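Remarks on the structure that follows.
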Amino acid sequence: MTRTNPYGVAIGDINGDNHPDIAVSHIGDTSVGISLGVGDGSFFSQSSFATGFAPTMVSVRDFNGDQYLDLLVVNNAGNTVSILLGYGNGTFAPQKTFNTYFYPTVAVVADFNHDNRLDFAVTNYGSNSVSVHLGYGNGTFRTRTSYSTMINPWGLAVGDLNGDQHMDLLSANCANSTMSVLLGNGNGTFRAAVNYMIGSCAYALAMGDLNGDTYLDVVAVATFSNYFSIFLGDGTGSFFQWWSFVTDYNPTSLVLYDLNNDGRLDVVIGHYTGTVSVFLNTC
Numbered sequence: 001m002t003r004t005n006p007y008g009v010a011i012g013d014i015n016g017d018n019h020p021d022i023a024v025s026h027i028g029d030t031s032v033g034i035s036l037g038v039g040d041g042s043f044f045s046q047s048s049f050a051t052g053f054a055p056t057m058v059s060v061r062d063f064n065g066d067q068y069l070d071l072l073v074v075n076n077a078g079n080t081v082s083i084l085l086g087y088g089n090g091t092f093a094p095q096k097t098f099n100t101y102f103y104p105t106v107a108v109v110a111d112f113n114h115d116n117r118l119d120f121a122v123t124n125y126g127s128n129s130v131s132v133h134l135g136y137g138n139g140t141f142r143t144r145t146s147y148s149t150m151i152n153p154w155g156l157a158v159g160d161l162n163g164d165q166h167m168d169l170l171s172a173n174c175a176n177s178t179m180s181v182l183l184g185n186g187n188g189t190f191r192a193a194v195n196y197m198i199g200s201c202a203y204a205l206a207m208g209d210l211n212g213d214t215y216l217d218v219v220a221v222a223t224f225s226n227y228f229s230i231f232l233g234d235g236t237g238s239f240f241q242w243w244s245f246v247t248d249y250n251p252t253s254l255v256l257y258d259l260n261n262d263g264r265l266d267v268v269i270g271h272y273t274g275t276v277s278v279f280l281n282t283c
């Protein structure tokens, strides 16, 4: 059982027993719930830990290098991100909060400045920007640096689009149906956004090599539509070709995964209507 209005989910071995555990953000009661795995597919009763207001997303990573998994929680109504450092036994220290701009929605975690410390970036839906927070390696982070996107960014993805070994960012911008590409400089800063049209209310993104040319491609869904788009990357951070494919209405999430073990990434899309669509890759 979860608490009020479960929203985001993450999986990891939180207590070091080699069994996967589940972390769930509860948008209705400012908490994150931890369900420790028994190892047979069942879970112990959930324990809850305080977050900020309206937590929408949770991520499980080791932010302070102690080999214990920690939590990152995006607090949409609180305009903060919470970091809860793990003790390695399934419990966590009280949250530390870091200010974002207005209405943060989704965060990604990566090393943006090559110092072997985890950083994070978050979309700010209410201020049309992405904030980057560079990590000190002890579970704390520098004050945000923000970069403009188009209007109402929601989804966010990270990867090396141009092959320079620096992490780049992509945001899905709902209000004007665009995708913003921010190429990383490798020192924690990013270039000005380059924008591409997607569809009605761009919502979620994923990166992967879909056509086997070793360059990252992008899949994007627009939630006020019944299709998804594929952008083929040219290895420079730009895209040389794109297609749209019909799916069910109101796509809201997607995952790229090789479902049939043929060495090709397939597309799995979740819909607000309660359906899941699967598209097998034939490239």
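The numbering used here numbers the first residue of the sequence shown as 1 and each following residue consecutively. Think of the CB as a built atom: it goes at the ideal place given N, C-alpha and C, for glycine as much as any other residue. Just so you know, these numbers come straight off a predicted model, no measurement behind them.
Top-ranked residue by Cα proximity to Thr-56, from Val-38, Ala-50 and Asn-75: Asn-75
Helix, strand or coil: which one does DSSP assign to Phe-240? strand
Counting pairs of Cβ atoms below 8 angstroms between the stretch 43-50 and the stretch 119-133, do you hit three or more? no
Please return the same chain residues whose Cβ sits closer than 6 angstroms to the Cβ of Tyr-215, not counting the five positions on each side in sequence. Gly-233 and Gly-235
Could you round the C-beta distance between Asn-226 and Thr-247 to whole angstroms and report it? I think they count as a contact, below 8 angstroms. 6 angstroms
Classify Pro-94 as helix, strand or coil using the three-state DSSP reduction. coil
Using only the alpha-carbon positions, how far apart do Val-278 and Leu-256 sit? 10 angstroms
Within its chain, find whatever has a CB closer than 6 angstroms to the CB of Phe-141; leave out the 5 residues flanking it on each side and keep chain order. Phe-98, His-133 and Gly-135
Alpha carbons only, please: which of Ser-200, Gly-16, Tyr-7 and Thr-145 is nearest the one belonging to Phe-112? Thr-145
Compute the distance between the beta-carbons of Ile-27 and Asn-5, then report whether it is under 7 angstroms. yes
Shortest alpha-carbon distance to Ser-129 belongs to which of Leu-118, Val-106 and Gly-139? Val-106
Do Leu-205 and Leu-265 have their beta-carbon atoms positioned less than 7 angstroms apart in this structure? no
So for Asn-187, helix, strand or coil by DSSP? coil
Determine the DSSP secondary structure at His-19, reduced to helix, strand or coil. coil
Less than 8 angstroms between C-beta atoms, sequence neighbours within five positions excluded: which residues of the same chain meet that for Val-38? His-19 and Phe-44
Would you kindly report the start and end of the unbroken beta strand (DSSP E) that includes Ala-110? 104-110
Which residues mark the beginning and the end of the beta strand (DSSP E) in which Arg-61 is found? 55-61
Rounding to the nearest angstrom, what Cα-Cα distance links Ala-222 and Phe-228 in this structure? 7 angstroms
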